[in-house]
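Enquirer: Everything in the sequence shown is counted per the working numbering, starting at 207 for the first residue and increasing by one. In this text, a Cβ means the ideal position worked out from N, Cα and C, and glycines have one as well. Owing to the predicted nature of the structure, the values given are computational and were not obtained by experimental measurement. My questions all concern the structure below.
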Amino acid sequence: MEATVKVEQDVQLQTKKKHPPGLYLLFFTEMWERFSYYGMRAILVLYLTKSLISGGLGMNETLALSIYGFFTGAVYFTPLIGGYLSDRFLGRRLAITLGGVTMALGNLVLFANQSKPAFYIGLALLIIGNGFFKPNISTLVGELYPMNDSRKDAAFTIFYMGINIGAFFSPLVVGFLAEDYFKTTVNGVEHFGFKFGFLAAAIGMIIGQLLFNLLGNKFLGDIGKKPVGVSQDTISAAEKKKPLTKAEKSRIKVIFILTFFVIFFMAGFEQAGSSLTLYTDKFIDRTVFGWTVPTSWFQSLNPLFIVIFAPILSVLWVKLSKSKRGDLPTPAKMATGMILLGLGFAVLVPALLQTGTDASSAVKANMIFMVLTYFLHTIGELCLQPVGLSMVSKLAPVKLASLLMGVWLAGSGFANILAGQLASTTESLGYFEVFILIGGATIFLGLVLLGLSRKLVKMSAE
């Protein structure tokens, strides 16, 4: 009885207590890291494809888009290595610092020298740094709270807002510097200030690291300083050796099936920084009252729509769960996300028919087409990604939880590489054909997943 009363008192105390100040330190650290990453990503393809005289590297689109896909794919694979090293040897705090400093150096290399060797060195540093930073910062958020603290969900919501605030402002700032403020025109030839965009990304990373290291001891204490190691593994040796049950095997199959569909969703979604960026640059009328909107600014639409519509969808799922029919099953939500992604590409068909695919054409499409595309893609993302992560955490057996989450993230890694290969075909096949192919395929696969929904729900419950 006394134990029950104590638990109730602890819960009441948790609900009244404010979030620890360490949460807001991690919020700003992550915000600046995302500012750095999304700012660099926003101008990467433009930097690669613009001519040397215009401040770029003068690569052909096929190679540039393949490199972009490899880069965005690699940032999902290296955290598997970085997470292992931080767990066993480094500790989360040191790993975050190593990652942040390495990424800052990567952007500084891109700023200091605009050559292909310097580019590849800078990109390698960014990939390595991300591997140390990405898997550890969010884990620290969880470690700020006791195991069953009722404030945890709210804490991750606050933290997630930091990600999207950084992702929203970075294309605006970095894009403005690279495509407007430092752009010069001499004898009709435009020269873009991409290197200053990379410098801004580096400064953002440095600010985040200064905050993290100067205030870490005060607001985080000893959290994350020591490696977790194997001694704190909560699963007993006997539990690890126990064979999987039929129900667990069935749930694992569901995770792999849904990961397969997600690969195709993400391959289409990640066109944002590659083929959609190039199409926007060449074929969208970006003039507003005589001023040209930087191409990279369009990548701020996704985080803006997330901030606006994520709370609305959260309320919708709760209301559906309380209705007579109940909430939509996870596979149905994910199928809806895939169909919305395909419709986003379908929106561009009238624009493509209007502009054609000749970059020298004077005909430009209204930017509302691109805004609608990003809107539908974002709503699709909100229907798929959050519920997918939740699904993995619920269905994965405890002893395989980390491995299966790694499988889910690796799926996004493969998707990004596939996205780069798809985008690289726009030069040979054309934007119309590639967008129709991606849009049609994701709608078709979304309908297939919708048809499989009941079967997958049954397999999850077995």
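Grab the span of the alpha helix (DSSP H) containing V347 for me, first residue to last.
Expert: As a first step, residue 347 is located in the sequence shown; it is residue number 141 there, counting from the start. K322 to E349 is the span of the alpha helix (DSSP H), which, as asked, contains V347.
Enquirer: From this set, T465, S481 and K389, which residue's C-alpha is nearest S634's C-alpha?
Expert: Taking the sequence shown and counting its residues from 1, the one referred to as residue 634 is at position 428. Among T465, S481 and K389, the Cα nearest to that of S634 belongs to S481.
Enquirer: Below 8 Å on the Cβ atoms is my guess for T345 versus R298; work out the distance and round it to an integer in Å.
Expert: Position 139 of the sequence shown, counting from 1, holds the residue named residue 345. Position 92 of the sequence shown, counting from 1, holds the residue named residue 298. Contact flag correct, Cβ pair sits at about 6 Å.
Enquirer: Going by C-alpha to C-alpha distance, which of F277, T390 and I343 sits closest to L304?
Expert: Counting from one through the sequence shown, the residue named residue 304 turns up at place 98. The shortest C-alpha separation from L304 is found at I343.
Enquirer: Can you tell me where the beta strand (DSSP E) with H397 in it begins and where it stops?
Expert: Within the sequence shown, the letter at position 191 stands for residue 397. H397 -> beta strand (DSSP E) spans V395 to H397.
Enquirer: Answer with buried or exposed for I287, where buried requires no fewer than 16 other C-beta atoms within 10 angstroms of its C-beta.
Expert: Start at 1 with the first residue of the sequence shown, and residue 287 comes out as number 81. I287 is exposed by the Cβ-count criterion.
Enquirer: Excluding the five sequence neighbours on either side, which residues of its own chain have a C-beta within less than 6 Å of the C-beta of V663, listed in chain order?
Expert: The count along the sequence shown starts at 1 and reaches residue 663 at position 457. Contacts found: P535.
Enquirer: Under 6 Å Cβ to Cβ from S376, same chain only, skipping five residues before and after it: list those, please.
Expert: In the sequence shown, counting from the first residue as 1, residue 376 sits at position 170. So the list reads F241, Y244 and G245, once near-sequence residues are dropped.
Enquirer: What residues are listed by DSSP as bridge partners for D491?
Expert: Mapped onto the sequence shown, residue 491 falls at position 285. Beta-bridge pairing links D491 to N572.
Enquirer: Provide the residue span of the alpha helix (DSSP H) that contains V315, from first to last.
Expert: Your numbering for residue 315 matches position 109 in the sequence shown. Element bounds for V315: R298 to A318.
Enquirer: For Y326, count neighbouring C-beta atoms within 10 Å of its own C-beta (all shown protein chains included) and say buried if the count is 16 or more, exposed if not.
Expert: Here residue 326 refers to the residue found at position 120 when the sequence shown is read from its first residue. Exposed: under 16 other Cβ atoms inside 10 Å.
Enquirer: Measuring only the C-alpha atoms, how far is M576 from M597?
Expert: On the sequence shown, position 370 is the one that residue 576 refers to. On the sequence shown, position 391 is the one that residue 597 refers to. The straight-line gap from Cα to Cα measures roughly 31 Å.
Enquirer: Do L464 and L655 have their CB atoms nearer than 9 Å?
Expert: Position 258 of the sequence shown, counted from the first residue, corresponds to residue 464. Position 449 of the sequence shown, counted from the first residue, corresponds to residue 655. Result yes, Cβ atoms of L464 and L655 sit closer than 9 Å.
Enquirer: For the structure I just gave you, are there three or more beta carbon pairs, one from the stretch 278-294 and one from the stretch 405-422, closer than 8 Å?
Expert: Contact between the stretch 278-294 and the stretch 405-422 is absent, because fewer than three Cβ pairs lie under 8 Å.
Enquirer: Within 10 Å of its beta-carbon, does N622 have 16 or more other beta-carbons around it, so buried, or fewer, so exposed?
Expert: Residue 622 sits at position 416 when you count from the first residue of the sequence shown. Buried.
Enquirer: Beta strand (DSSP E) containing T391: first to last residue?
Expert: Along the sequence shown, read from residue 1 onward, the residue named residue 391 stands at position 185. T391 -> beta strand (DSSP E) spans T390 to V392.
Enquirer: State the CB to CB distance for the pair I249 and A384, rounded to an integer number of angstroms; the pair is presumed to be in contact (CB under 8 Å).
Expert: Reading the sequence shown from its first residue, position 43 is the one you call residue 249. Reading the sequence shown from its first residue, position 178 is the one you call residue 384. Rounded, the Cβ-Cβ distance is 5 Å, consistent with contact.
Enquirer: Measure how close the beta-carbons of V553 and L578 come, nearest whole angstrom, since I'm counting them as under 8 Å.
Expert: Reading the sequence shown from its first residue, position 347 is the one you call residue 553. Reading the sequence shown from its first residue, position 372 is the one you call residue 578. 5 Å between Cβ atoms; contact.
Enquirer: Check T498 in the structure and name its three-state DSSP category.
Expert: Mapped onto the sequence shown, residue 498 falls at position 292. Strand.
Enquirer: Could you check how far apart the C-beta atoms of A557 and A568 are, in whole angstroms? I think they sit under 8 Å.
Expert: Counting from one through the sequence shown, the residue named residue 557 turns up at place 351. Counting from one through the sequence shown, the residue named residue 568 turns up at place 362. A557 to A568, Cβ: 15 Å. No contact.
Enquirer: By Cβ distance below 6 Å, which residues in the same chain neighbour Q438 in space, the five residues on each side in sequence not counted?
Expert: Taking the first residue of the sequence shown as position 1, residue 438 is located at position 232. In this prediction, Q438 has a pLDDT of 48, which is less than 50 and means its spatial position is unreliable; nothing more can be read from the coordinates.
Enquirer: Run through DSSP, which three-state label would A407 get?
Expert: The count along the sequence shown starts at 1 and reaches residue 407 at position 201. In the structure shown, A407 sits in a helix (DSSP, three-state: H, G or I).
Enquirer: One question on the structure: do G403 and G381 come within less than 9 Å of each other, judged by their Cβ atoms?
Expert: Locating residue 403 in the sequence shown gives position 197, where the first residue counts as 1. Locating residue 381 in the sequence shown gives position 175, where the first residue counts as 1. Yes, they are a contact pair.
Enquirer: For S242, does the three-state DSSP call read helix, strand or coil?
Expert: As a working mapping, residue 242 is identified with position 36 in the sequence shown. In the structure shown, S242 sits in a helix (DSSP, three-state: H, G or I).
Enquirer: When burial is assigned at 16 or more other CB atoms within 10 Å of the CB, is K224 buried or exposed?
Expert: Here residue 224 is taken as the residue at index 18 of the sequence shown, counted from 1. So K224 counts as exposed.
Enquirer: Does the beta-carbon of V217 have 16 or more other beta-carbons within 10 angstroms, so that it is buried, or is it exposed?
Expert: Your numbering for residue 217 matches position 11 in the sequence shown. No answer about V217 holds up, because its pLDDT of 46 lies below 50 and its placement is not dependable.
Enquirer: Tell me the DSSP secondary structure of R531 in three-state form.
Expert: The sequence position of residue 531 within the sequence shown is 325, counting from 1. Reduced to three states, the DSSP call for R531 is coil.
Enquirer: Going by DSSP, what residue range makes up the alpha helix (DSSP H) through I458?
Expert: On the sequence shown, residue 458 is found 252 positions in, with the first residue counted as 1. I458 -> alpha helix (DSSP H) spans K452 to F475.
Enquirer: Are the stretch 495-510 and the stretch 385-396 in contact at 8 Å, needing three or more beta carbon pairs?
Expert: Yes, the stretch 495-510 touches the stretch 385-396.
Enquirer: Looking only at its chain, what residues have a beta carbon closer than 6 Å to the beta carbon of T542, apart from the 5 residues adjacent to it on each side?
Expert: On the sequence shown, position 336 is the one that residue 542 refers to. Once the five neighbours on either side are set aside, the close Cβ partners of T542 are C589.
Enquirer: Which of the three DSSP states, helix, strand or coil, is assigned to P509?
Expert: Along the sequence shown, one-based indexing puts residue 509 at 303. In the structure shown, P509 sits in a helix (DSSP, three-state: H, G or I).
Enquirer: What residue range does the alpha helix (DSSP H) around F283 cover?
Expert: Walking along the sequence shown from the start, residue 283 turns up at place 77. Run containing F283: E267 to L291, per the alpha helix (DSSP H) assignment.
Enquirer: Note down, in chain order, each residue of its chain lying with its Cβ closer than 6 Å to the Cβ of E349, except the 5 sequence neighbours on either side.
Expert: By 1-based counting over the sequence shown, the position of residue 349 is 143. The answer, listed in chain order, is I429.
Enquirer: Sort A330, G368, G328 and I334 by Cα distance to V347 and report the nearest one.
Expert: Translated into the one-based positions of the sequence shown, residue 347 becomes position 141. With distances taken between Cα atoms, V347 lies closest to G368.
Enquirer: In chain order, what residues of the same chain lie with their CB nearer than 6 Å to the CB of A324, ignoring the 5 residues before and after it?
Expert: Counting from 1 along the sequence shown, the entry for residue 324 is found at position 118. Excluding sequence neighbours, A324 sits near V315.
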